[in-house]
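To keep things clear, I will list the structure first and then write my remarks on it.
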Amino acid sequence: MNSSLKWALILIVLCSVILNIVLICMSSNKVPKCFGQSHPPPGKHDERSRVFADLTQEEYLQVRDYMLSQRDLDITSNPLAKPSDNYLFLIDLSLPKKAEALRYLDVKNSPKPKREATAVVFYGSKGRIKEYVVGPLPNPSYYRDVTQERYGIIDLPISARTVTIGEYAQMFVFLEIEVFSNLGKLLKESFDVDENKKLAPFEQMPRGVKSGDRTTWVSFFRDMSGMYIHPVGLEVLVNHQSPNTSRWSVERVMYNGIYFDSIEDLRRQYDNGTVEKITYVETHNYASLKPRRKPLQLGPQQHYAEGKRFSVKNNQVLYLDWSFAFGLSSLTGMRVFDVRFRDERIAYELSVQEAMSVYGSATPGMMMTKFLDTSIGVGRFAHELVRGVDCPYAATYVDTYRYIDINEPVRFKNSICIFEHNTGQPLRRHYADFFHNSYGGMVNSALVFRTITAIGNYDYMWDFIFYQSGSVEAKVHATGYISSSYLVAGSYKYGHQVAKNVLGNIHTHFINFKVDLDVLGVKNVFQTKDMQYVNTSLPWMPERYAMVPQLVEHQINTEQEAALRYGTKIPRYLHIASDQTNRWGHKRSYRLQVISFTGDHLPESQPEERSMSWARYKVAITKHKDLEQTSSSLYSQNNMWTPAVDFSKYIEDNESINNEDLVAWITTGFLHIPHAEDIPNTVTVGNGGGVILRPHNYFDEDPSIHSPDSVYIGPGTEQSCDNNRMACLAKETCGPVLEPFTYEGFAGAMKFEE
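Okay, so the sequence shown: first residue is 514 according to my numbering, each after it adds one.
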C-alpha cells in the first residue's frame, strides 16, 4: 500500500470517528458533565437524627396489624367503614419528650428514646374517639390510652371526628337519593343535569352552631376542572349527626338565593312557577389551567455547575454550615428538628401548626365558613411535586409515607424537595467609589426545604429557607382556586364578581408556626427592642433641643405579658436571648421578624373562636411543655365550641418565662379580597407571609464573611479567579445532567369506592 493511500484511509477513519462523536453528542439528551471539583458539605450525617424520622412503611404496617389484633378494641381498617363502625383512622409518629431527645442528641452514650406511634380510633358504635400510644417500634407490644393525658377528657365526642372517606361515600349516596332523584326537572332546566351528568358537592364548615351538631351546608358546583369557581346556586343543609345513615335528613334548601324547608317544598314551588328560576346557559370553562398558547422556548433553568453543596441522608440535611432533621406530619405538615448552625443548636423544632381561613358570604354555604385544615390533615395532601415547576428540575426529591383514612401506608413520591437557590440578589455588597476603590459582595444562595399541600381548593407552598448569614425563614404562599358562591342579592358586600353569576368571597388566611428556639441552651429570656424620640439638649448648644431617636429595651417576664395581640402596638424587635454575651457585651439572641398581612381575627365573643384562639396573637411566648405540643388539633374543625385544644389555656396560668425553655407561636397570613385576576386561579405573588429567625448579637460579626461565595475585586484583579469564581465561569464547559421527567402524583388521590 502506497503512503498516499495509507494517509487517505487514516483521514477517512478520523473523519468518520469525529462525525460519529458529533452525531452522538447531538442526539444525546445529556450535556457533558462539568469537570469542576465537587465539595461535599462539612460534617457527617448522624444516625441520631432518626429519632425525629417519620414512621417507615414497615412501622405503619406493624402498628396497624398490632392494633387490629387486639380483640378488645374491635376495630376495622376498611377505608369505606360506615360512621357506625369502629375505625382506625390515623397512625403517625408520637414525638419523644424533648428532655429525652436532647439527652440522646447531646450526651454521649445516653439511651435512645422509645420509638412510638399515635393511633386514632373513631368508635362509631360507642360514640367516642380515643387516642393511643403504641410501642415500642419495631415490633409493638403495648398500647396505652392517652386521650385524657393529652386533652383532659376521658373520651372525645364522636361528633368531633373529621368526615372520613367512608362517611363521604355514604353522603354521596344520600345526596343522590334525597336530592338529585327528586329534582330531575329542576336540575335539567337549571343546570343541564341528568342521569349522565352530575353536579359536584363541596361542603362548608363548621357543621352547625353548637357542640354535638353535625349539620353541613353542601353547595353544588359544575362537575368540571376548577369546580370551585363554578357555583350553580343550589345548596342543601344535611343533618348527618347520627352514625346510622338511615336517620340522615335534608333540613333546609337554598335555590337562587331563596330558602325552602325541604326538597319537596322546593320542587312544588318550582313546578308551580312561584320561584324565580335559574336558566341554564352553556359557558366555557374559564377555570381550566390548560395553556392558552404554545410555549416558545424554555425558561431559565437552575443547575449545579460543580455539584450539589448539600447532602440528604435518611431524614437529615447537611448544607454548608447548617444541619437539620426533618419530617412530615399527616396532620400539621412540614417540620424540622435539631436545627444547627456551625454545630450550635439554633432551634429544637420549627413546624407548621395550622392553616385557617374565615369567609364572608350572602349564601349559607360560606356565610359561617371557617376552615381549620389540620382537622383534614395539612400534610395528608402533600402530593408529588412537579419537577421543574413546583421545584427546580435538578432539586433533590424525597418520598414520604402516610397512614390517614386508608387501610395501608401510601407512598407519596417526590413529596418533599430540597434545593440550593440563587435568589437573584446579593446577600450583601458594597462598591467603594470615593476611596480605596474596590467591590466586595456575596450572592444570596440559600437552601430551600419545601413541600406543597393541596387542601381542597387551596394549594399552600411551605418553605423553610436556610441562609448563609445564619438566618432561617419559614414562609407560606397560597395558590390554587378561590372559594366562590352564586351571585345573589347583597353579594357585593362580601367580595367581587369574578365571572358570570360568580362571587369571589372575602376571606382571611391565618397560618400558625411553632418556633422552639434554643439559643445556646434551653435557659432563655424574651426581650423586646424599639425606638422612641427623646427631646435632647445639644451638648454644643445647650439651649437648643432636638428630637433624637433612642433605643428602648425591655425584658418580658410572664406568658401573658408575652402574648402580643394583633391590633395592639407591638415592639418591632422581638428576641429570644441567652444569658451569654458576644464579644461586645450584648446578649446573644435570635430575633423573630414576622411578615404578615392578616385580616381581623374573629371576635372572641363568637363561640367558635376558642378553636382558633392562637390567631389572637401575632407572637405568643410560652414555657415549653411536652403536653403543649400543638396549637390546634385534629378535632378543632368539627367541635369548634368545645375544642380539644384551646391555645389560650397555654398562657392562662401565666407562668414565668425568665430563664426557661421558651416556645414562640407565630401567626401570619393575609387578607384576600378576590378579584378578576384570581381567575382562573390565584398566583403566589403577594399572597403569603412568614417569620424570619435572624441572629441578633449572636455572633461577633456576620458569619457569611467566611463563606466561599464571597467575592472581592480590586483594581487590577478584575480577571482574577482568586477571590471571584465568577471571573472564570465563562471558561467552564459545564452543563446539567438531568433526571428523566416522571410524575406519579395521582397515585395518592382519595378514592370513594373499591
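We treat Cβ as the ideally placed atom computed from N, Cα and C, and that holds for glycine.
query, result
"Neighbourhood of residue 503 by C-beta distance below 7 angstroms, restricted to the same chain and skipping five residues each side", "Coverage of the chain is limited to positions 514 through 1267, which leaves residue 503 absent and any answer about it impossible."
"Rounded C-alpha distance that separates residue 781 from residue 733", "20 angstroms"
"CA-to-CA distance, residue 842 to residue 887, given in whole angstroms", "10 angstroms"
"Cα-Cα separation between residue 618 and residue 626, rounded to whole angstroms", "10 angstroms"
"Spatial neighbours of residue 721 in its chain, beta-carbon cut-off 7 angstroms, leaving aside the 5 residues before and after", "727 and 728"
"Nearest-angstrom Cα separation, counted from residue 1189 out to residue 1195", "10 angstroms"
"The region 832-849 / the region 862-881 touching (three or more Cβ pairs under 8 angstroms)", "yes"
"Rounded C-alpha distance that separates residue 719 from residue 930", "34 angstroms"
"Sub-8 angstroms separation of residue 982 and residue 1222 beta-carbons", "no"
"Cβ neighbour criterion (16 or more within 10 Å) applied to residue 1051", "exposed"
"Coil, strand or helix - residue 566 by DSSP", "coil"
"CB of residue 1006 within 8 angstroms of CB of residue 875, strictly", "yes"
"C-beta contact flag for residue 799 and residue 570 at 8 angstroms", "no"
"Buried versus exposed call for residue 985 [16 or more other C-beta atoms within 10 Å across all chains shown]", "buried"
"Within 8 angstroms, strictly: CB atoms of residue 879 and residue 752", "no"
"Beta-carbon proximity list for residue 681, same chain, < 7 angstroms, skipping 5 on both sides", "1265"
"Beta-carbon proximity check, residue 1135 vs residue 1103, cutoff 8 angstroms", "no"
"Residues sharing a beta bridge with residue 485, DSSP", "The structure shown does not extend to residue 485, since the chain is modelled only from 514 through 1267, so no value can be given for it."
"Cutoff 7 angstroms; reference residue 1171; Cβ partners in own chain excluding five residues on either side", "1038 and 1070"
"Outcome for residue 607 when other beta-carbon atoms lying within 10 angstroms are tallied against a minimum of 16", "buried"
"Reference residue 977; option with closest CA among 555, 1220 and 1202", "1202"
"Pick from 740, 945, 731 and 987 that is closest to residue 764, judged by C-alpha positions", "731"
"Beta-carbon spacing of residue 1065, residue 1105 below 8 angstroms", "no"
"Residue 990 to residue 605 span [Cα, whole Å]", "26 angstroms"
"For residue 916, the three-state DSSP class (helix, strand or coil)", "strand"
"Run of the beta strand (DSSP E) containing residue 1225, from where it starts to where it stops", "1223-1226"
"Alpha-carbon to alpha-carbon, residue 1238 and residue 544", "For residue 544, the predicted structure reports a pLDDT of 42, less than 50, and the residue's modelled location is therefore unreliable. A value from the coordinates is still provided. Between residue 544 and residue 1238, the C-alpha separation is close to 22 angstroms."
"Cβ-based burial, residue 1269 [other Cβ within 10 Å; buried from 16]", "As displayed, the chain neither begins before 514 nor continues past 1267, which places residue 1269 out of reach and without an answer."
"From 907, 877, 905 and 928, residue whose alpha carbon lies closest to that of residue 898", "928"
"Three-state secondary structure (DSSP) of residue 545", "With a pLDDT of only 44 at residue 545, under 50, the local geometry of the prediction cannot be trusted, and the value read off the model is given with reservation. Residue 545 falls in the coil class under three-state DSSP."
"For residue 1042 and residue 1210, believed in contact at Cβ under 8 angstroms, the rounded distance", "11 angstroms between Cβ atoms; not a contact."
"Residue environment, residue 995, which counts as buried when at least 16 other CB atoms sit within 10 Å", "buried"
"Contact check, residue 1179 vs residue 1204, beta carbons under 8 angstroms", "yes"
"Rounded straight-line distance, which links the Cα of residue 816 to that of residue 1252", "12 angstroms"
"Beta-carbon contacts of residue 1234 that lie in its chain and below 7 angstroms, excluding the five residues immediately before and after", "1240 and 1241"
"Every unbroken alpha helix (DSSP H) within the region 663-716, with a cutoff of 4 residues, ordered by chain", "678-691 and 697-704"
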